Ligand SMILES: [Zn+2]
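Set out below in structure tokens:
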């Protein structure tokens with residue numbers, strides 16, 4: 002079975018955060034979907050075992066057809082030829098129409114350009130090309146996906162397009178919420194940073210902003 006939409010995530014929660022709603026929507030529209038985690042998240046909060054269980058739970062909510070972990074090493078992902086070939090092998094194996102990856106050109110810093118994030122973007126972009134080269138030392142039959150799109154676009158850069166996930170945003174948040182070790186860990190700073198609560202706050206603020214704008218407009 003080929004996987005129509007295949008998302009690569011550096012750590013076990015990134016693909017959910019970056020394009021989980023989109024994957025859920027594509028599944029609802031009858032396509033096959035999958036997530037490949039580049040690392041097991043062994044440097045993060047929790048343990049690889051806990052994170053694997055959380056990932057499996059999120060996969061169920063998003064109704065993914067495939068979820069695999071390559072485990073290139075959390076915090077030490079490198080854009081090497083060997084890693085590009087391994088990812089190209091995954092692309093050949095699952096034969097996606099569309100590949101998703103984190104954006105490869107990020108300002109370095111917490112919450113933005115994590116080493117594993119931009120290097121995963123580089124690896125997947127290079128692998129996307131390698132998968133169709135006959136002489137590349139890559140397992141599987143040659144394959145060319147139709148497109149690669151990027152998530153985690155840095156502030157200030159406009160997305161090329163956006164996808165309306167209004168009908169799927171609750172499943173999207175529920176999938177992110179499965180990663181309890183990341184968002185509800187008692188020792189982790191910023192315990193208020195919980196996806197469902199953060200989304201509800203954002204929605205309340207947007208509603209208030211809209212009401213204010215409507216009020217201003219009526220006054221004019
Ligand atoms: Zn990450």
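In my numbering, the protein residues as written are 2 to 221.
We treat Cβ as the ideally placed atom computed from N, Cα and C, and that holds for glycine.
In this text, all values refer to a predicted model and were calculated from it rather than measured experimentally.
>> Tell me which residue opens and which closes the beta strand (DSSP E) that residue 69 is part of.
In response: Its beta strand (DSSP E) spans residues 67-70.
>> I'd like the ranges of any beta strand (DSSP E) spanning at least 3 consecutive residues and lying wholly in the region 148-185.
In response: Segments of the beta strand (DSSP E) lying fully in the region 148-185: 148-152.
>> Would you say residue 119 lies against chain B (beta-carbon separation less than 8 Å)?
In response: Checking the listed chains, one finds no chain B in this structure; it contains a single protein chain.
> Taking the beta strand (DSSP E) that residue 21 falls in, what are its first and last residues?
Replying inline: No beta strand (DSSP E) holds residue 21; the alpha helix (DSSP H) holding it covers 15-29.
> In this structure, does DSSP put residue 82 in helix, strand or coil?
Replying inline: Helix, per DSSP.
> So, residue 131 versus residue 125, is the Cβ gap smaller than 8 Å?
Replying inline: Pairing residue 131 with residue 125 gives a Cβ-Cβ distance that is not under 8 Å.
> Excluding five sequence neighbours on each side, which residues of the same chain lie with their C-beta closer than 6 Å to the C-beta of residue 192?
Replying inline: Note that residue 192 scores 49 on pLDDT, short of 50, meaning its location in the model is unreliable and no value can be drawn from it.
>> Looking at residue 176: is its Cβ nearer than 8 Å to the Cβ of residue 62?
In response: Against a cut-off of 8 Å, the Cβ pair of residue 62 and residue 176 comes out as a contact.
>> So if DSSP puts residue 102 in a beta bridge, which residue, or which two residues, is it bridged to?
In response: Beta-bridge partners assigned by DSSP to residue 102: 151.
> Where does the unbroken beta strand (DSSP E) through residue 38 begin, and where does it stop?
Replying inline: 34-38 is the extent of the beta strand (DSSP E) around residue 38.
> Hey, would you say the C-beta of residue 72 is under 7 Å away from at least one heavy atom of ligand 1?
Replying inline: For ligand 1, not one heavy atom lies less than 7 Å from the Cβ of residue 72.
> Exposed or buried, which one is residue 213 when buried takes at least 16 other CB atoms within 10 Å?
Replying inline: Exposed, because fewer than 16 other Cβ atoms sit within 10 Å of the Cβ of residue 213.
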